[in-house]
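In this note's numbering, the protein residues as written are 12 to 271. Just so it is clear, CB atoms sit at the ideal spot from N, CA and C, and this is done for glycine as well. Only one structure is covered here, and it is reproduced in the block below.
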């Protein structure tokens, strides 16, 4: 099966441009093989052939591959640090911060950033960039419809102000949606935006190999302005951040102190 997987990785790179070698093999193989089994495929060749012909299967594969698990204000105490300490620090340097939510999944993270920014700016002055590799996830993000469960960590003030409730569904307001520019972006191959004051990229890099993480952190350094901040997930503390021109300023927050 391992030779089959190597063949499958090569075919996916040719067909979609996604390099599965950058993802931890054991986890990725387990995910793909469980998807194959669910759809009744016994081997990688048959599954690949079906992916190239069946749009539903292809969309399911991309969605599964990119692990879209998200919620508003995930790990709320870290968002409190972002509001209380990090944003005021950034705003000492610039009154118009450029912010990028990288690997934004279905929109909970960038919309959380916008709501937090309303404590500093009027809504009509807020614009942030949000990107993801999964076009279906971006489509869901633009629709802005969420289950009650994903709002559990969000301050109630924001739920009241910016959502319309309909049973178990919550619809985010158009005024929040207008503040986010969503774009397709692959962290492992596309050019990175530059001049960012804050990059938020959380709970994504845990799925990447060390080689892939190394590449992404170097690109984040180039993307950030000097003294810009990288905000990572709660399982993603960076080993030897100085290697990437970064220094920790709080747990899960890193400041760019040197260009590399």
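Item, Value
"Option in 233, 146, 156 with minimal Cα separation from residue 122", "156"
"Inter-stretch contact at 8 Å, needing at least 3 Cβ pairs: the stretch 52-62 / the stretch 131-144", "no"
"Contact test: residue 94 Cβ vs the ligand SAH heavy atom, cutoff 7 Å", "Summarising the ligand content, the structure contains no ligands, and the ligand SAH is consequently not present."
"Residue environment, residue 180, which counts as buried when at least 16 other CB atoms sit within 10 Å", "exposed"
"Completely contained alpha helix (DSSP H) runs for the stretch 153-205, where each covers 4 or more residues", "167-173, 185-188"
"Reduced DSSP category for residue 106 - H, G, I as helix; E, B as strand; rest coil", "coil"
"Status (buried if at least 16 other CB within 10 Å, exposed otherwise) for residue 39", "buried"
"contact_flag[the stretch 222-235, the stretch 194-208] where n(CB pairs < 8 Å) is 3 or more", "yes"
"Close Cβ partners of residue 198 (< 7 Å) along its chain, the five nearest in sequence each way excluded", "113, 114, 227"
"Cβ shell of residue 260 (< 7 Å), same chain only, five flanking positions each side left out", "266"
"Bridge partners - residue 243, DSSP secondary structure assignment", "212"
"Secondary structure, beta strand (DSSP E): runs of 3+ residues fully inside the stretch 30-98", "none"
"For residue 143, the nearest candidate out of 160, 212, 94 (CA to CA)", "212"
"Given 8 Å, three or more beta-carbon pairs between the stretch 81-90 and the stretch 246-256", "no"
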